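Trainee:
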Amino acid sequence: MSNATQFRSRLWLETLLQTLARQPGGGVAGQRAGDCDWDLPSRRSEAWRFTDLRCLTRLDPGRLHTRTASPHWPEAVRQAPSGQGSPLRLCLQLDSRGHWLSPQGEPPPWPRGLMPLANEDITPGQVARTLMPAGPLPLGARLNSVTPGPSLGLRVSGPDFIHLDLGIRVEQAQAWLAPHVLLVLEPGARLCLSWHVAVTAPAAVLPMVEARLGLGAQLEEAAMTWGCPEAAFLGGSFVHQSPWSVYRRTNVTWGWGLSRDEPFIRQCQGRAETHLHGLAVARGQSLLDTHSTVYFDGPAGRLRQRHQALADDQGHSVFNGRVVAPRLAQETDAGQLSRNLLLSAKARIDTKPQLEIVADNVQCTHGATVSCLQDDELFYLQSRGIGRDQASRLLQRGFCEEILQRLPEAALSWPPLRSLLETPTPDQP
Amino acid sequence: MSSATAVEALNKTPYRYGFVTNIETEKISKGLDESVVRLISTKKQEPDFMRQFRLKAYAQWQTMAEPDWAALRYPPLDYQDIVYYSAPRQKEQKASLEEVDPALLETFDKLGIPLSEQKRLGNVAVDAVFDSVSIATTYKQKLAEHGVVFCSMGEAIKDHSELVERYLGSVVPIGDNFFAALNSAVFSDGSFVYIPQGVQCPMELSTYFRINSDDAGQFERTLIIAEERASVSYLEGCTAPMFDTNQLHAAVVELVALDDASIKYSTVQNWYAGDENGKGGIYNFVTKRGLCKGRRSRISWTQVETGSAITWKYPGCVLRGRDSVGEFYSVALTNHHQQADTGTKMVHVGPGSRSTVISKGISSGHSANSYRGLVHMGPQARGARNFSQCDSMLIGDQAAANTHPYIQSRQPEATVEHEASTCNISEDQLFYLQSRGIEPEAAVSMLVSGFCRDVFNQLPMEFAAEADKLLALKLEGSVG
Amino acid sequence: MTSTETTPSREAPIQPGDVLLSIENLRACVEENEILRGVSLQIRAGEIHALMGRNGSGKSTLSKVIAGHPAYTVTAGSIHYRGQDLLAFSPEERARSGVFLGFQYPVEIPGVSNLEFLRVSCNARRQHRGQEELDTFAFEDHVRETMAIVQMDPAFLERSVNEGFSGGEKKRNEVLQMALLEPLVAILDETDSGLDIDALRIVANGVKRLALPTTATLLITHYQRLLDAITPDFVHVMAEGRILRTGDKDLAMALEERGYDWIDETDGSDVRQP
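Going down the list, the sequences are from chains A, B and C. If you're matching positions, the first sequence starts at 1 in the working numbering and goes up one per residue. If you're matching positions, the second sequence starts at 430 in the working numbering and goes up one per residue. If you're matching positions, the third sequence starts at 910 in the working numbering and goes up one per residue.
(1) What separation, rounded to the nearest whole angstrom, lies between the Cα atoms of S70 (chain A) and S419 (chain A)?
(2) Tell me, to the nearest whole angstrom, how far the beta carbon of Q93 (chain A) is from that of G167 (chain A); I am working on the premise that it is less than 8 Å.
(3) Pull up the distance between the alpha-carbon of H99 (chain A) and that of L40 (chain A), whole angstroms please.
(4) On a CA-only basis, which of B:F478, B:V884, B:W490, B:Q474 is nearest V697 (chain B)? Give me that one, please.
(5) Can you find a CB in chain A that lies within less than 7 Å of the CB of R483 (chain B)?
(6) Ordered along the chain, which non-local residues of its own chain (more than five positions away) have a Cβ less than 6 Å from that of L88 (chain A)?
(7) Is the Cβ-Cβ distance between C372 (chain A) and P841 (chain B) less than 7 Å?
(8) Could you list the residues in the region 855 to 876 of chain B with a C-beta less than 9 Å from some C-beta on chain C, going in chain order?
(9) Against chain B, with Cβ distances strictly below 7 Å, would S86 (chain A) count as a contact?
(10) Using only the alpha-carbon positions, how far apart do T731 (chain B) and V184 (chain A) sit?
(11) In chain A, what lies closer than 8 Å to N853 (chain B) by C-beta?
(12) Using CA coordinates, which residue listed in B:W741, B:S737, B:M479, B:S782 is at the minimum distance from H765 (chain B)?
(13) For I944 (chain C), which residues from the same chain have a beta carbon less than 8 Å from its beta carbon, with the 5 sequence-adjacent residues on both sides left out?
(14) Go through its chain and collect everything with a Cβ distance to A431 (chain A)'s Cβ below 6 Å, but skip five positions before and after it.
(15) May I have the straight-line CA-CA distance separating S660 (chain B) from Q629 (chain B), to the nearest angstrom?
(16) For R384 (chain A), list the residues DSSP reports as bridge partners.
(17) Using the Cα positions of W73 (chain A) and P299 (chain A), report the straight-line distance between them to the nearest angstrom.
(18) Does DSSP classify V845 (chain B) as helix, strand or coil?
(19) Should I787 (chain B) and Y743 (chain B) be called a contact, given that it needs their Cβ atoms to be closer than 7 Å?
(20) Do three or more CB pairs link the region 1102 to 1109 of chain C to the region 1017 to 1024 of chain C at distances below 8 Å?
(21) Going along the chain, which residues of the region 800 to 826 of chain B sit with their C-beta nearer than 8 Å to a C-beta in chain A?
(22) Among the candidates C:K1117, C:I957, C:N964, whose CA atom is the shortest distance from the CA of V1144 (chain C)?
(23) Quick one, are the C-beta atoms of V776 (chain B) and V747 (chain B) less than 7 Å apart?
(24) Here's a check: name, in chain order, each residue in its chain whose Cβ is nearer than 6 Å to the Cβ of Y503 (chain B), leaving out the five neighbours to either side.
(25) Have a look at the DSSP bridge pairing and note the partners of L395 (chain A).
(26) With DSSP as the reference, label G85 (chain A) as helix, strand or coil.
(27) With distances taken between CB atoms, is the gap from R1035 (chain C) to M1061 (chain C) smaller than 7 Å?
(28) Compile a chain-ordered list of the residues in the region 727 to 749 of chain B whose CB is closer than 9 Å to at least one CB of chain A.
(29) Taking a Cβ distance cut-off of 9 Å, strictly less, list which residues of the region 977 to 1005 of chain C are near chain E, in chain order.
(30) Which residue marks the beginning of the alpha helix (DSSP H) containing F559 (chain B), and which one marks its end?
(31) Using a Cβ-Cβ distance cut-off of 7 Å, determine whether L929 (chain C) contacts chain B.
(32) For L342 (chain A), which residues in chain B fall below 7 Å Cβ to Cβ?
(33) Taking CB distances under 7 Å as the criterion, tell me whether V370 (chain A) reaches chain B.
(34) Taking Cβ-Cβ distances shorter than 7 Å, what residues in chain B pair up with R1103 (chain C)?
(35) Let me know if W700 (chain B) comes out buried or exposed under the rule of 16 or more other beta-carbons within 10 Å of its beta-carbon.
(36) Evaluate contact between the region 201 to 209 of chain A and the region 226 to 238 of chain A, counting only Cβ atoms and requiring at least three cross-stretch pairs below 8 Å.
Structure below.
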């Protein structure tokens, strides 16, 4: 990075921190801004080689606001009975003052088994720090923790499967939203958390999820995040898993100018199960980046990870999947697959599985493929009378389906998903 | 016996090549500055282009920093504490082998590389490099009859200067990386091979590197050029005495293959790796790259890495020619406190280029073994294909195996496939072999060599058996 | 027969009727679970024994303990082989001195050539017997001849040990190893399972040819059908880690007819030792 760029990035960060400090509840962040001793990552660092932050730094750090619009809810989510009966479902949307409210604008009707935590117990970074004791937090988490509110802390208990749907919609330029969610799942508790994020203006969304899973607890996180080419997404999930807990994360992302997703999972005493499934569809000039880490701190842990990316036009997908099995992690069973479709001569795929293993009795496999659509598959469809473009769309959709089918049923009717599945500009013969 | 306890006992055999040859050497004093670079050039009576090459490299090197991205830990190297030129004192021109110091011939005899006429290896021509200089090249005459040039780099700079000037630094540019720049400034000798158009080199060519001094760095430079339709198979071997200190070895190897040419480059590396506590051993920072310049050209790297305290090495291919082929077959075994960060770079430039990567890493003791490989599909590489397979085997629960494949594609009509797995020696396999009367140590080395079979099959026949033995030897003490 | 017979064995000669294997009140466990709860069994040269019983009765465990599998811990009792404490030997010493286990599930060993494996193994046994080791060529002749016994295609020599072999091919490979190692006590763990009629006949004939007056065989099986081909001198029925009943071939027939429940009902009151 040249000195001029470095200077600009420094200036941007300092102005940002000052703006954030002036926001309500920004006192703590303000103090940090004064002695800001860090900087935006440069592309000279290994983890940011391919990831350009310009989409973020094009926002004017002096004019940021937190105005949101009312989200589109999938029919199935809005109609679902809330509060009583099973499944228990709670649907919340982020308002412009940083409150999570029901679609009717009411304070949340907490169902049985969901208990809000006191504000002073929700400091951002508390789980992340236990997972990553050394070194800086990922950029998204760092920016999230210096942004005051909105925080949501919940204790989940009981045997019922609770559905929590969170919706964020942004239509006004210069929005800066950094929601923080802290989840404490008691032993045996079960929660399905779904994110519906839609941004149609130059803005930034930086959600941070921290979760502690008790013995045998189960957390399913589904994140559907859709942005416009001028919008930036920096997200992070930090999950602490106790033995016999299950964490399933399914992430679908598309449209953003820049998206950087950094899940960090630690199986603290092993014997837990982690499933990570991601789909990134990079069209236009989209840059979609996933850097995941799964750390096994004990024996007999299990990981199934599959990251699928499709890059078309000048889209760029980046994946780095780190799996660490130290000596304690005997009998770890970890499988990782990175599948990529590269559809245009100006698109790029960069993928890098990263295995670090010390335990000798482990089953670790990983695979990666990059290719375009298979000619024999296209030909098969064509030989059944389907035009090449349509055949190509069918195959692309089939590629996406492998991940989409893991989303909760109700999420599939989320209106913006249609923009993903119906690829624009089909060439008519 | 469980595999865990089996693994503990495997390791008391001393390094067989750890002796020092007592011979009078000519050394310059420690340290590096521009005058040292000039002095080396002068001592070697080099033409001006070579001197300029070195000075330019030295200037670049001074602006560069040691790379820190590899998964390696070692104390900072003091580049002023190294002797950059060391040569056994002997007559300037060696008209024949009889004039080579008998102590040197004896050294190579002890290493199993007989240089004297009557005992030469069957069908292998050898260039023997001792510390900084080449002391003898065998079968020169016979090769010359086919037009093949096989000589030391020093001789090539004098006798084939136009080829050297044209190709040296064309594959690994002067400023490619920190260690390549250092090598370009101070390299002292190495081997040069030129195979003319249409010639299949009639015998295996081999260079044997021997580090003897405890304070001299070895910076050799190898350049192999295969003209159109030419082919050659080349083997490199290395050993060093046992010292408590670490010696730096920073070599550069460049291969150039023109249309329809093929080069097969095999390495069986057995530098001294340090003792069981990690003291001493060679620091090996090597840049090896082949340029598949012509259409349908083919470059194949096969390496069996068992030595070095530190290995930093990524033999790669730049596949520029249309339909060119690059291959990388590697076995890297680490034991005790060895650290290896090794792999390959396959850079696909030309359409239809193909590459295959098979890497087998075995980590035992307290060692760390990292595979780092790059597969890059450039925008022009239409129809290019890569297949990579990298497997790790862990022996004991103190060793580390890391895998870092970097896959970058800019071409939709290129296909990349990567597979990787990690395994250990299963208790059931060990028991099965034991229940057929096979000792645990033999069973482990049988299993390891089975694991490496795909790579050993790529080695020239004479060396496959040697590699097998070497592996067994290196594993001794990791089972008990 | 072959060049292998040129040097005489240094192994002490055996007379028919000599006790080869003697198991006394053997108890063994795996990860805290006791599987064998006092097994006693004596096997003499020239005898063929069949060990039957339900899944989980301890048959395979007994065979693995005899062969020295590290996962099993012997907690009480003893095994003597030709008067020596077998439990003091490592698995490879047991194999070399003539105890052979044909595995129920032979492992696959990728990359290790079957031929090389067989040669090293065969030479280890030969060396123990004071016979000269066979070089690559002599061994290849020897193994090709031996393969005829199990009607195995020599192409299997070029493949990796058991890798990609069908169930039947794996079992034939086990019998081939038995033929090469010439054991004094051969234990065949479910060698008949997963075989079709033809393969069963081939394996059974192979085993019969190798059963000599100076060797002993212990067949572990579920079914009568192997015993139709090889007539056992003794049939033992195991349940819950003990030998509940011992008889002759008629016991196996009775079992086939009346099932294992019949044994449970008779509560092992008429246990008798051969």
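Note that CB positions come from ideal geometry on N, CA and C, so glycine has one too. All values derive from a computational prediction rather than experimental measurement.
Mentor: In terms of the structure at hand:
(1) 19 Å
(2) 4 Å
(3) 29 Å
(4) B:V884
(5) no
(6) P111, D160, I162
(7) yes
(8) S855, E856, D857, Q858, L859, F860, Y861, L862, Q863, S864, R865, G866, I867, E868, P869, A871, A872, M875, L876
(9) Because the pLDDT of S86 (chain A) is 48, which lies under 50, any placement of that residue in the model is unreliable, and the number read from its coordinates should be weighed accordingly. For S86 (chain A), the answer is no, since every Cβ of chain B falls outside 7 Å of its Cβ.
(10) 53 Å
(11) D360, N361, V362
(12) B:S737
(13) A937, C938, G967, T970, Y981, G1150
(14) Residue numbering for chain A in the displayed model covers 1 to 429; residue 431 (chain A) lies beyond these limits and cannot be assessed.
(15) 5 Å
(16) Paired residue(s): none; R384 (chain A) is not in a bridge.
(17) 41 Å
(18) strand
(19) no
(20) no
(21) M806, P808, S821, L823, I824, G825, D826
(22) C:I957
(23) yes
(24) I739
(25) BP columns for L395 (chain A) are empty, so no partner.
(26) Caution applies to G85 (chain A), whose pLDDT of 47 falls short of 50 and renders its modelled position unreliable; the model cannot decide the point.
(27) no
(28) none
(29) The chain labelled as chain E is not found among the protein chains of the depicted structure, namely A, B and C.
(30) Premise fails: F559 (chain B) lies in the beta strand (DSSP E), 553 to 559, not in any alpha helix (DSSP H).
(31) no
(32) S838, P841
(33) yes
(34) Contrary to the premise, residue 1103 (chain C) reads as Gly rather than Arg in this sequence. Within 7 Å Cβ-Cβ: nothing; G1103 (chain C) doesn't reach chain B, min ~18 Å.
(35) buried
(36) yes
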